[in-house]
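Undergrad: Residue numbers (our numbering): 231 to 634. Glycine included, every Cβ here is placed at the ideal spot set by N, Cα and C. None of the values given here were measured: they were computed from a predicted structure. Pasting a structure below so you can have a look.
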Ligand SMILES: Cc1cc2nc3c(=O)[nH]c(=O)nc-3n(C[C@H](O)[C@H](O)[C@H](O)COP(=O)(O)OP(=O)(O)OC[C@H]3O[C@@H](n4cnc5c(N)ncnc54)[C@H](O)[C@@H]3O)c2cc1C
């Protein structure tokens, strides 16, 4: 059977483009089917941590807009404090620019791309995958579903189990020069207002990205939370908003159990696989990393080093899932004692250093329990109890919202 490519990739976000870059570099024929015309807007803070930058195999410094070395924290818009780092904690950019850059690198490496081609259905035949789009049918030996949070590939291939839906609202705001200068290099975080979620300000070169996120079960309280954030920024922080654009909501899918990430000749990466951090919503690292693991497993299959794509599920479950599961446990603890954790980050050098190390990818969530020394024996028990309290608080908040 003649195919259109060794590997078809649905979606040209970070997961798809990194998989395409790696596979094309190994000499495989790669076809990316992308529903949008690039460059396209994507709802995202586009905060890039060091671990993302380290994982990308080429220089992305030309598209980094701002370097962040300060975080301003509030707990429920109270008890504000700032923490500063001597080196960069993270960098900010815009997703239209980042994704266009990553796609150009994949194309330079030899991948082909068709824009405006939305994948709607996938079926597996003997020896190949049939990929159906709005305008035609394509065939390939393997298919990577990197088509984001509402992945058609994951749905079609039955790979959506154990995904807990999260939701975020974000807008791009233009502000006066003085506010832009004040927030250049500074991220603002409000936590503890919203069970399982937080509000943020990420500075870009000529505007601020502001948003709120949390569990989708609390979606009706998300806009009131967004309004509170804007109100706080204007009234208490003196930010003068001159224009608001692109106020949009977007799902954040979170995998909460080890699962299968492949089915026959199809695998899912990035948001399509539910690979986002339940604590912070960070997903670009997991998209890039899973895209690269996907490429490695497809390569091994295509050169007959591996009889199936099963190693992909194994590697994701072994390398990425422990991080997401530990982040989920920390989230429960945070929901239970938000003020204590807020004050701990304010008062303890050790806590602030640990926060920075996790952002920089020098430490991982799975190292956190070990940091408690002898107390780590209690960690599991504390997480279990805090899950019950956290679930109770979430249900109460769902009923009563900010008035409760
Ligand atoms: C408000 C918000 C803020 C965030 N902030 C951050 C942050 O600061 N840092 C961070 O690390 N993460 C952040 N994230 C998470 C991050 O945006 C995602 O985890 C990341 O984009 C996942 O990359 P991806 O390649 O898997 O999917 P996407 O980036 O969503 O890319 C999927 C691509 O597939 C295309 N597509 C979709 N459906 C189809 C289809 N059927 N056929 C063909 N193409 C299709 C889309 O057009 C898109 O180009 C944020 C998320 C939200 C919602």
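Check each candidate in 406, 609, 262 and name the one with the smallest Cα separation from residue 345.
TA: Sequence index remark: in the chain shown, residue 345 carries index 115 (1-based). Checking every option, the nearest Cα to that of residue 345 belongs to 262.
Undergrad: Report whether the distance from the Cβ of residue 263 to the nearest heavy atom of ligand 1 is below 7 Å.
TA: For the purposes of this step, residue 263 is taken as residue 33 along the chain shown, with counting starting at 1. Yes; taking the cut-off as 7 Å, the Cβ of residue 263 has a heavy atom of ligand 1 nearer than that.
Undergrad: For residue 566, which of 242, 617, 550, 529 has the nearest alpha-carbon?
TA: Reading the chain shown from its first residue, position 336 is the one you call residue 566. The option with the nearest alpha carbon to residue 566 is 617.
Undergrad: Looking at C-alpha atoms only, which residue of 448, 614, 470, 574 is the closest neighbour of residue 626?
TA: Counting from one through the chain shown, the residue named residue 626 turns up at place 396. The candidate whose alpha carbon is nearest that of residue 626 is 448.
Undergrad: Taking the Cβ atom as the reference point for each residue, do residue 606 and residue 552 lie within a distance shorter than 8 Å?
TA: Position 376 of the chain shown holds residue 606. Position 322 of the chain shown holds residue 552. No. Outside cutoff.
Undergrad: Could you tell me if residue 614 is buried or exposed, where buried requires 16 or more neighbouring beta carbons within 10 angstroms of its beta carbon?
TA: Reading the chain shown from its first residue, position 384 is the one you call residue 614. Classification for residue 614: exposed.
Undergrad: Counting beta carbon pairs with one atom in the stretch 466–476 and one in the stretch 393–410, are three or more of them shorter than 8 Å?
TA: Contact between the stretch 393–410 and the stretch 466–476 is present, because at least three Cβ pairs lie under 8 Å.
Undergrad: Taking just the CA atoms, how far does residue 526 sit from residue 342?
TA: Stepping through the chain shown from its first residue, residue 342 is reached at position 112. Stepping through the chain shown from its first residue, residue 526 is reached at position 296. The straight-line gap from Cα to Cα measures roughly 19 Å.
Undergrad: Would you say the beta carbon of residue 568 comes nearer than 7 Å to a heavy atom of ligand 1?
TA: Along the chain shown, read from residue 1 onward, the residue named residue 568 stands at position 338. No; taking the cut-off as 7 Å, the Cβ of residue 568 has no heavy atom of ligand 1 nearer than that.
Undergrad: To which residues of the same chain is residue 333 closer than 7 Å at the C-beta, ignoring the five residues directly before and after it?
TA: For the purposes of this step, residue 333 is taken as residue 103 along the chain shown, with counting starting at 1. Result list for residue 333: 242, 247, 268, 343, in chain order.
Undergrad: Using beta-carbon positions only, say whether residue 277 and residue 328 come within less than 8 Å of one another.
TA: Here residue 277 is taken as the residue at index 47 of the chain shown, counted from 1. Here residue 328 is taken as the residue at index 98 of the chain shown, counted from 1. Not a contact, by the Cβ cut-off of 8 Å.
Undergrad: Please determine whether the Cβ atom of residue 270 lies at a distance below 7 Å from any heavy atom of ligand 1.
TA: Within the chain shown, numbered from 1, the residue matching residue 270 stands at position 40. Under cutoff, so the answer is yes.
Undergrad: Can you find a heavy atom of ligand 1 that lies under 7 Å from the Cβ of residue 348?
TA: For the purposes of this step, residue 348 is taken as residue 118 along the chain shown, with counting starting at 1. Residue 348 Cβ: within cutoff of ligand 1.
Undergrad: So, for residue 404: in the same chain, excluding its five sequence neighbours on each side, which residues have a beta-carbon less than 7 Å away from its beta-carbon?
TA: Taking the chain shown and counting its residues from 1, the one referred to as residue 404 is at position 174. 437, 472, 473, listed in sequence order.
Undergrad: Three Cβ pairs or more, each shorter than 8 Å: is that satisfied between the stretch 498–512 and the stretch 354–364?
TA: Touching, no, given that fewer than three Cβ pairs across the two stretches are closer than 8 Å.
Undergrad: Got a sec, what are the start and stop residues for the alpha helix (DSSP H) residue 460 sits in?
TA: Looking up residue 460 in the chain shown gives position 230. Looking at the DSSP string, the run of the alpha helix (DSSP H) that includes residue 460 is 452–465.
Undergrad: Heavy atom of ligand 1 less than 7 Å from the Cβ of residue 302, yes or no?
TA: Translated into the one-based positions of the chain shown, residue 302 becomes position 72. Answer for residue 302: no, Cβ out of range of ligand 1.
Undergrad: Do residue 400 and ligand 1 come close, with the Cβ less than 7 Å from some heavy atom?
TA: As a working mapping, residue 400 is identified with position 170 in the chain shown. Yes; taking the cut-off as 7 Å, the Cβ of residue 400 has a heavy atom of ligand 1 nearer than that.
Undergrad: Smallest Cα separation from residue 234: which of 494, 588, 369?
TA: As a first step, residue 234 must be located in the chain shown, where it is residue number 4. Among 494, 588, 369, the Cα nearest to that of residue 234 belongs to 369.
Undergrad: Less than 8 Å separating the beta-carbons of residue 640 and residue 521?
TA: This structure does not reach residue 640, given that the chain is present from 231 up to 634, and the question cannot be answered.
Undergrad: Given a cut-off of 8 Å, decide if residue 301 and residue 419 are closer than it, judged by their beta-carbon atoms.
TA: Indexing the chain shown from 1 puts residue 419 at position 189. Indexing the chain shown from 1 puts residue 301 at position 71. Yes, these two residues count as a Cβ contact at 8 Å.
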